[in-house]
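J.:
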Amino acid sequence: MFDPVFIKVLIGTLLLAASSSVVGVFSFLKGESLVGDAIAHALLPGVVLAFIIGDGRNPVFLILGALVAGLTAHYGISFLEQRTKLKGDTAISLVLSTFFGFGIMLLSAVQRTGQGQQAGLERFLLGKAAAITLSDLYVF
Numbered sequence: 005m006f007d008p009v010f011i012k013v014l015i016g017t018l019l020l021a022a023s024s025s026v027v028g029v030f031s032f033l034k035g036e037s038l039v040g041d042a043i044a045h046a047l048l049p050g051v052v053l054a055f056i057i058g059d060g061r062n063p064v065f066l067i068l069g070a071l072v073a074g075l076t077a078h079y080g081i082s083f084l085e086q087r088t089k090l091k092g093d094t095a096i097s098l099v100l101s102t103f104f105g106f107g108i109m110l111l112s113a114v115q116r117t118g119q120g121q122q123a124g125l126e127r128f129l130l131g132k133a134a135a136i137t138l139s140d141l142y143v144f
């Protein structure tokens with residue numbers, strides 16, 4: 005129970021749960037529950053672009069890429085709702101599908117390059133709690 009790996013995994017999952025719940029409560033109260041899903045899917049191109057531009061699997065660069073993509077998606081949804089005749093659900097689905105499709109295209113391009121660094125990208129995207137490191141905890 006006091007294994008260092010277990011402690012790191014426990015701290016990481018608790019930090020993730022706490023940060024997700026804070027954001028989730030506010031989005032639910034504002035009636036924007038689906039925005040979180042759209043932003044989560046929109047993070048993919050940011051992570052892959054950060055992988056391509058940055059130095060591979062560095063979590064700081066990958067999270068910064070995800071942050072930029074998430075903010076861009078959120079502003080895109082807001083822009084479409086305010087400046088066009090599209091309803092909220094339509095704007096959300098448009099941004100979600102556009103960003104996710106672009107991310108899949110980028111991910112396919114990275115996989116075709118055959119670089120050795122790409123091996124850990126899938127683990128970063130899909131998650132593996134047992135592989136959490138101290139640098140991952142410091143990012144939180």
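For what it's worth, the working numbering labels the leading residue of the sequence shown as 5, then goes sequentially. Yeah, the Cβ is synthetic: ideal placement off N, Cα and C, and Gly gets one too.
Would you give the residue range spanned by the alpha helix (DSSP H) that ARG209 belongs to?
T.: Outside the displayed range of the chain (5 to 144) lies residue 209, so it cannot be described from this structure.
J.: Measure the alpha-carbon distance for LYS132 versus LEU125 and round it to whole angstroms.
T.: One C-alpha to the other measures close to 11 Å.
J.: Measuring straight from C-alpha to C-alpha, what distance separates LYS34 and VAL27?
T.: LYS34 and VAL27: Cα-Cα distance of roughly 11 Å.
J.: Measure the C-alpha to C-alpha separation of ARG87 and ALA95 and round it to an integer number of angstroms.
T.: In a straight line, the C-alpha of ARG87 is about 11 Å away from that of ALA95.
J.: At 3 residues or longer, what runs of the beta strand (DSSP E) sit wholly inside the segment 32 to 93?
T.: The qualifying runs do not exist here; there are none.
J.: Could you name the residues of the same chain whose beta carbon sits closer than 7 Å to that of GLY107, not counting the 5 residues immediately before and after it, in chain order?
T.: Closer than 7 Å at Cβ, skipping near neighbours: LEU48, PRO49 and VAL52.
J.: Which one of LEU20, PHE10 and PHE6 has the shortest CA to CA distance from TYR142?
T.: Measuring from the Cα of TYR142, the nearest candidate turns out to be LEU20.
J.: So, is GLY105 buried or exposed, given that buried needs 16 or more other C-beta atoms within 10 angstroms?
T.: GLY105 should be labelled exposed.
J.: Any idea what DSSP makes of GLY28, helix, strand or coil?
T.: Here GLY28 sits in helix by DSSP.
J.: How big is the Cα-Cα spacing for ILE136 and GLY16?
T.: If I take the Cα positions, the gap works out to 7 Å.
J.: Which residues mark the beginning and the end of the alpha helix (DSSP H) in which ASP140 is found?
T.: Start and end: 138 to 143.
J.: Give the secondary structure of GLY131 by DSSP, where H, G and I count as helix, E and B as strand, and everything else as coil.
T.: In this structure, GLY131 counts as coil in the three-state DSSP scheme.
J.: So, do the segment 36 to 43 and the segment 66 to 85 have three or more beta carbon pairs nearer to each other than 8 Å?
T.: They touch, by the three-pair rule.
J.: Just mark ALA46 as buried or exposed, buried being the case when its beta carbon has 16 or more other beta carbons within 10 Å.
T.: Under this definition ALA46 is a buried residue.
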